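For reference, the structure is listed below as structure tokens.
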Amino acid sequence: MASKVLMPSINMNHIAFPGDIQRRSHSFGQVCLPKKTGISSSRQSVIANNSVETPVMAVTAAAVSKTSSILSRFWREIQGSNNWENLVEPLHPLLRKEIIRYGEFVAACYKAFDLDPNSRRYLNCKYGKKSMLKEVGMENSGYQVTKYIYATPDVNIPIQTASCGRWIGYAAVSSDDAVKRLGRRDVLITFRGTVTNHEWVANFMSSLTPARLDPHNPRPEVKVESGFLSLYTSDETDSKFGLESCREQLLSEVSRILNKYKGEKLSITVAGHSMGSALALLFAYDITELGLNKIDSDQEIPVTVFSFGGPRVGNSSFKQRCEELGVKVLRIANVNDPITKLPGVLFNENFRVLGGRYEFPWSCSCYAHVGVELVLDFFNVQNPSCVHDLETYISLLKWPKRVQIQKDGVDFLNRARELLLSAQNFNINLPWKDAAINMVNLVQSQRS
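Position 362, counted from 1, in the sequence shown is what full-length UniProt numbering calls 362; the numbers after and before it change by one each time, with no gaps.
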């Protein structure tokens, strides 16, 4: 396991926030915090080391109680009200705890997703809404699932069932008891990552298209990746019992929840992994562009995205608009994860300007990441696919010095390399979509 970590010491007896934080030198076993380099202040390198076996989350009940009390007072900072200033570098223990908590809500999607083709719940959730969190071991999460969310990839691939809608995640809301601990009523939307062939193909439809989610102001300059937009907006309304789009389901449910708890202190948190991160950001942009989070002319419900291993979603105008709308995005990204480099491997936020001043004519067509980046660094030469695995992301945050994920998986890097060689270097006349299908078939063959 080639890994190293940079993480702060966890001392739950002293939790500082903007205003009382002082820059200090930290030491925790063999772990050192990174010194200032040329890297942007919005990034922190977290490199894992294998030497420590005690999880950093193992704290006393008194410490948990104290942490909850502090969270109830400083939840806005944890949700990014100040763009996580002084909380990411070094990574604050309370922020890390919240990142892990939201990551586990996303992991619940994978645990509950039925991939057994012989099951009557195939490609749906294995459990009912009331029992889902309990069935995946999160009965004490303090949240109640209110609605399951489905997405319909708009791609032409032969499928076995009449409906191509797939369970993609869920909406949940914090309970009355959790409100006391969290300091507000949290409306949570979670999205799993890519699993089915249709979704893989949608991931590879790498072209920018205007989002046009606000009917009153289309903003044609704001563009997003076409495959993600298709997953978000496609529906089955042509069918008698077809599904509404993922977008329609979400807007309807979140509007209902916000109306139900009107007058309470609220937050909207959207979390996702891989493709789910893209859907999370699209929804966060959508709900703020439409103004559904506005209480009145002076007050807004904060909207925060926790993105795990997420790709780029839109162009620089999309990034700028998200910032104008106040969408807060914390991207947790492994430097060795290829998905976080896509789309826009060449034409991205680092290739927009010349000399830091002059934009190229094609700058509006360059992809750009949104938000503040928390950088992890892990790689297992025996299992390269772990670089994109959500469980590995969460494990590194729980055990900063020890990440040993032993599991069967696809050799993502090698398969992706074969795909690129077959589609580009050997002059095979295959459209990019067909090449993507070839890749996902290889992935599925590894699982069987």
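Note that beta-carbon positions come from the ideal geometry of N, C-alpha and C, so glycine has one too. The structure displayed is predicted, hence computed values, not measured ones.
Can you check which of these residues, the options, is closest to residue i by C-alpha distance?
i	options	result
Val372	Cys322, Ser174 and Leu229	Cys322
Val88	His369, Leu330 and Pro343	Leu330
Met138	Val106, Asp176 and Glu253	Val106
Gly103	Asp114, Ala271, Ala211 and Ser174	Ala271
Ser68	Val173, Leu208, Leu229 and Lys97	Lys97
Ser207	Glu244, Asn315 and Arg192	Asn315
Ser230	Leu282, Gly242, Asn140 and Leu266	Leu282
Ala112	Gly169, Asn118 and Ile99	Gly169
Glu253	Phe306, Ile287, Ser274 and Pro220	Ile287
Per DSSP, which one or two residues make a beta bridge with residue i?
i	result
His273	Phe308
Glu373	Arg331
Ala172	Val145 and Leu188
Leu266	Arg185
Val303	Ile268
Trp167	Tyr150
Ala368	Gly314
Just to confirm the assignment, what range does the alpha helix (DSSP H) spanning residue i have?
i	result
Gly227	Ser226 to Thr233
Arg321	Ser316 to Leu325
residue 450	No answer is possible for residue 450: it lies beyond the span of the chain, which begins at 1 and ends at 448.
Tyr393	Leu390 to Lys398
Phe257	It is Ile, not Phe, that sits at residue 257 in the sequence shown. From DSSP, the alpha helix (DSSP H) with Ile257 extends over Cys246 to Lys260.
Lys130	Segment: none, Lys130 is in no alpha helix (DSSP H) and carries neither H nor E.
Could you spell out where the beta strand (DSSP E) holding residue i opens and where it closes?
i	result
Arg331	Lys328 to Asn334
Phe209	For the record, residue 209 in the displayed sequence is Thr; it is not Phe. Its beta strand (DSSP E) spans residues Leu208 to Pro210.
Does residue i get closer than 8 Å to chain D when you measure Cβ to Cβ?
i	result
Ser252	No chain D appears in the structure shown, which is made up of a single protein chain.
For residue i and residue j, which I take to be in contact (beta-carbon distance under 8 Å), what is that distance rounded to the nearest angstrom?
i	j	result
Pro302	Gln79	5 Å
Thr269	Leu188	5 Å
Leu290	Asp214	6 Å
Ala171	Cys246	Their Cβ separation, rounded to whole angstroms, is 11 Å, which puts Ala171 and Cys246 out of contact at 8 Å.
Glu225	Pro343	6 Å
Val173	Thr146	6 Å
Gly142	Ser119	Actually they do not touch by this definition, with Cβ atoms about 30 Å apart.
What separation, rounded to the nearest whole angstrom, lies between the Cα atoms of residue i and residue j?
i	j	result
Ala108	Ser395	15 Å
Trp75	Arg121	38 Å
Val222	Ala333	24 Å
Pro93	Glu135	28 Å
Phe228	Val313	8 Å
Arg73	Tyr393	28 Å
Lys130	Thr304	25 Å
Leu325	Ile339	26 Å
Met132	Leu279	21 Å
Glu244	Gln320	29 Å
Arg212	Phe318	11 Å
Ile70	Leu182	9 Å
Ile295	Ile99	27 Å
Gly242	Leu376	41 Å
Ala16	Cys386	Caution is warranted here: a pLDDT of 46 is assigned to Ala16, below 50, making its placement in the model unreliable, and no coordinate value can be reported.
Tyr127	Cys366	41 Å
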